[in-house]
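In my numbering, the protein residues as written are 30 to 959.
C-beta atoms are modelled at their ideal positions from N, C-alpha and C, and glycine is treated no differently.
What follows is a set of notes on a single structure, which appears directly below.
Set out below in structure tokens:
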């Protein structure tokens with residue numbers, strides 16, 4: 030079969046398989062992190078966080094016009110960009126491997142003609158089903174499109190090398206230059222591919238020696254610097270300092286230089302200048318940021334509508350100064366003191382944790398951990414049996430041995446998009462999320478070596494079969510080994526990673542954000558914590574028009590003057606009394622320790638309405654003070670030159686106080702339940718009431734819930750799509766977030782239990798266990814699970830003789846009994862305690878393991894029982910029996926049935942005749958008799 034035909038067949042297979050896999054596992058709607066922001070900004074042509082991604086937004090806007098019958102919603106349409114871009118990236122990797130293998134294996138006769146294509150197919154599929162690449166391929170983020178441009182540029186330059194000496198061959202270089210300009214409008218990391226591209230050109234045009242190689246290295250780094258910060262930073266700076274006249278003058282100067290080179294027939298110079306012009310043309314998409322910001326869209330981060338603000342936006346000045354001082358970074362890190370020094374910090378954290386671990390995730394496998402696992406998820410060296418890893422290392426070895434020039438190019442790509450990023454970013458410990466997506470370019474390069482390694486194995490097999498003689502089944506043996514590698518590498522990776530990356534049916538981000546918005550009252554202001562409780566809300570408001578009356582106020586952004594100004598000026602507004610000049614100059618202010626903050630409680634109609642609602646729902650008189658007063662501690666401290674510790678409030682704290690003071694309860698104010706206690710301002714938390722996924726700021730201290738509002742939200746308004754579907758995958762972070770639903774249901778159920786509204790109590794418990802069964806969404810806290818299991822038993826109200834093992838666990842019975850006692854459901858409590866005592870007092874050998882586990886759980890110090898003797902276990906059991914008897918006695922006494930109480934005490938005395946406590950209670954009971 031001809032080489033072109035093989036390329037078409039395997040290329041089509043590569044693209045189709047990856048495309049189908051990503052389409053099947055694509056997120057059906059918005060996902061967490063930046064996805065909601067990018068979808069909303071693409072739909073409305075708005076301004077995302079610095080430094081922006083105008084090409085992504087323009088492409089995203091085009092994709093929003095795709096037919097609804099194929100996708101159903103705007104989010105899915107924008108998600109499809111990543112699906113398509115990733116499938117093309119996998120295709121380009123296949124083509125790259127084929128070309129590189131052909132550079133090493135010139136024999137294309139017979140079965141050897143299949144070797145480059147089979148190797149390329151194995152390498153491409155290994156990339157397709159690797160963790161980080163697949164993760165990026167199914168959601169609306171810039172990284173999939175960025176990798177498409179990276180792979181496209183590598184392929185274009187290799188095409189130039191393959192057609193060296195042909196007429197008009199420079200078109201490949203010019204195309205790569207234009208693609209580079211476009212790629213910079215997606216993610217700035219794309220400039221890191223340039224050193225690898227320069228190596229390809231150098232080795233094709235020059236005979237390498239030490240001097241020319243050193244010059245080439247300097248040129249490669251210089252060209253990288255020419256693009257970043259050169260084009261990216263300095264071209265906007267020219268426009269800022271000299272106006273657009275200066276920018277036009279620069280373009281005219283480049284065009285004049287191009288004319289000079291063409292006129293003098295200096296081809297290399299002409300190609301270089303024309304490439305720079307094409308890069309600038311591609312990069313000019315950034316004008317969209319400037320233009321659209323001037324139209325004041327609802328999402329207008331950093332407000333880059335002037336050249337000064339635009340340069341600040343491009344420079345990412347919002348995120349502070351970047352530095353490479355590792356000791357300083359270690360000391361700045363919250364976990365910095367866990368490392369002995371800067372080199373320990375650099376190697377153990379920045380290299381091992383933040384790169385090597387991710388590398389192993391992709392080519393060795395991710396360890397399966399329990400949802401209660403709190404550390405960084407490690408790699409599992411044996412999940413893929415180390416085969417992709419070893420095949421890649423073999424491919425790298427073979428590549429350097431047989432074609433060191435192209436191998437050096439792949440290594441440059443591997444290093445610059447991996448470890449070089451680690452060196453430059455100088456990341457603190459910890460990070461808010463895993464950062465493996467940043468290094469996908471490096472994993473792409475390693476997948477090239479996997480493909481080359483697979484081709485090397487097949488070449489060796491084919492050669493071995495050929496040497497055996499004409500009777501050897503050369504094709505059969507080669508294809509069998511190829512099939513075996515496909516099974517052991519991409520198919521194994523697919524089977525292990527499929528469920529982990531299948532977003533089908535996962536609506537958590539959309540539903541959770543929807544439920545936050547519907548928890549708010551009309552024209553409410555919601556203080557949110559970070560990306561995950563902000564960006565999906567923006568998506569719903571901007572794209573699906575859900576609750577556009579609500580103002581989302583992100584606490585992180587609330588530390589910036591531009592964001593405060595937007596909250597003040599743009600509808601729906603937040604109540605802010607600061608002048609524009611005060612906003613521009615706002616900064617940290619000194620704040621003494623434990624200072625009280627006060628504000629008047631007005632207007633009267635709001636106070637009166639809240640007081641009446643409190644009295645109706647809570648059944649007690651409302652205590653509304655004339656002035657709200659709460660304690661507030663400093664949120665930041667520093668040591669002054671004279672040695673004093675100075676406490677400070679952050680800008681976000683000042684703005685919360687200003688909004689509180691300005692608002693005077695005219696608009697409802699809320700904090701997301703995901704906001705930390707510190708961000709909810711200490712004593713102000715006592716004035717916050719849970720209304721679902723939001724805490725409402727009220728005038729009444731200690732008002733925990735409004736049961737009617739909470740019931741309506743949890744039972745009627747909230748959406749819980751597929752939280753009862755065991756086929757949908759939810760990661761540990763998502764499962765942790767979903768526990769907030771259970772917290773709301775628990776508070777509501779506890780209220781109904783305390784107020785003896787048992788029908789409502791059972792309805793609430795039935796709802797949470799129906800919409801979110803623990804078999805699908807496990808508990809992340811064992812004690813809370815025991816409590817909820819206990820509530821479920823109480824709601825079932827089973828007969829006493831059914832409270833037996835193994836239907837109910839001992840921990841569930843104990844949780845049920847304790848909660849029932851707490852809320853004066855004494856009959857249920859008595860039943861639970863008696864059931865527990867029956868098991869513990871009988872002490873059957875069949876129940877020994879359950880009893881020991883109950884002892885461990887109750888005392889919560891499992892390690893003290895690791896090597897316990899039989900006598901120690903027996904003493905622990907007796908102590909627990911004694912504790913439960915006292916609890917049961919307390920329940921019986923609250924019931925007021927003296928005869929039943931006396932009967933229990935007499936029974937207890939028969940079992941423990943020398944127990945002084947029992948004797949004293951019997952005597953007391955007899956004295957109290959009339």
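With the cut-off set at 7 Å, would you say residue i and residue j are in Cβ contact?
i, j, result
"residue 65", "residue 568", "yes"
"residue 215", "residue 171", "yes"
"residue 603", "residue 688", "yes"
"residue 107", "residue 71", "yes"
"residue 815", "residue 844", "yes"
"residue 967", "residue 225", "With the chain covering only 30 through 959, there is no way to say anything about residue 967."
"residue 926", "residue 703", "no"
"residue 114", "residue 43", "no"
"residue 278", "residue 290", "no"
"residue 166", "residue 233", "no"
"residue 76", "residue 330", "yes"
"residue 268", "residue 276", "yes"
"residue 265", "residue 343", "yes"
"residue 782", "residue 667", "no"
"residue 839", "residue 811", "no"
Roughly how many angstroms separate the alpha carbons of residue i and residue j, rounded to a whole number?
i, j, result
"residue 924", "residue 807", "36 Å"
"residue 49", "residue 196", "39 Å"
"residue 175", "residue 388", "19 Å"
"residue 149", "residue 462", "33 Å"
"residue 373", "residue 410", "24 Å"
"residue 773", "residue 338", "43 Å"
"residue 168", "residue 59", "8 Å"
"residue 413", "residue 473", "18 Å"
"residue 723", "residue 46", "44 Å"
"residue 436", "residue 617", "53 Å"
"residue 570", "residue 228", "48 Å"
"residue 507", "residue 287", "53 Å"
"residue 882", "residue 917", "21 Å"
"residue 423", "residue 357", "39 Å"
"residue 464", "residue 453", "14 Å"
"residue 817", "residue 396", "30 Å"
"residue 328", "residue 79", "12 Å"
"residue 87", "residue 161", "25 Å"
"residue 584", "residue 590", "12 Å"
For residue i and residue j, which I take to be in contact (beta-carbon distance under 8 Å), what is that distance rounded to the nearest angstrom?
i, j, result
"residue 221", "residue 446", "5 Å"
"residue 178", "residue 219", "6 Å"
"residue 680", "residue 605", "In fact, because the Cβ distance is near 12 Å, the residues do not count as touching under 8 Å."
Could you spell out where the beta strand (DSSP E) holding residue i opens and where it closes?
i, result
"residue 696", "Note, residue 696: premise wrong, no beta strand (DSSP E); not H, not E."
"residue 658", "656-661"
"residue 624", "624-629"
"residue 72", "Careful: residue 72 lies outside any beta strand (DSSP E), inside the alpha helix (DSSP H) at 64-73."
"residue 675", "674-678"
Might you give, ordered along the chain, the residues of its own chain that have their beta carbon closer than 6 Å to the beta carbon of residue i, omitting 5 neighbours on each side?
i, result
"residue 627", "656 and 658"
"residue 573", "none"
Within a Cβ cutoff of 8 Å, which residues of the same chain sit near residue i, ignoring the five residues on either side of it in sequence?
i, result
"residue 12", "Outside the modelled stretch of the chain, which goes from 30 to 959, sits residue 12, for which no answer is possible."
"residue 910", "866, 869 and 870"
"residue 10", "Missing from the structure shown is residue 10; the chain here goes from 30 to 959 and no further."
"residue 938", "944, 947, 948 and 951"
If I follow the unbroken alpha helix (DSSP H) through residue i, where does it start and stop?
i, result
"residue 311", "296-312"
"residue 538", "537-548"
"residue 576", "First-last for residue 576: undefined, no H or E at that position."
"residue 845", "839-851"
"residue 264", "264-292"
Only counting the same chain, and skipping five residues up and downstream in sequence, which positions put a Cβ closer than 7 Å to that of residue i?
i, result
"residue 651", "640, 643, 644 and 729"
"residue 646", "735, 736 and 737"
"residue 253", "220, 223 and 224"
"residue 960", "Given a span of 30 to 959 for the chain in the structure shown, any question on residue 960 remains unanswerable."
"residue 128", "187 and 191"
So, is the C-beta of residue i closer than 7 Å to a C-beta in chain B?
i, result
"residue 677", "No chain B is present in this structure, which holds just one protein chain."
Considering only heavy atoms of the ligand MN, does any lie closer than 6 Å to the CB of residue i?
i, result
"residue 810", "No copy of the ligand MN occurs in the structure displayed, which carries no ligand at all."
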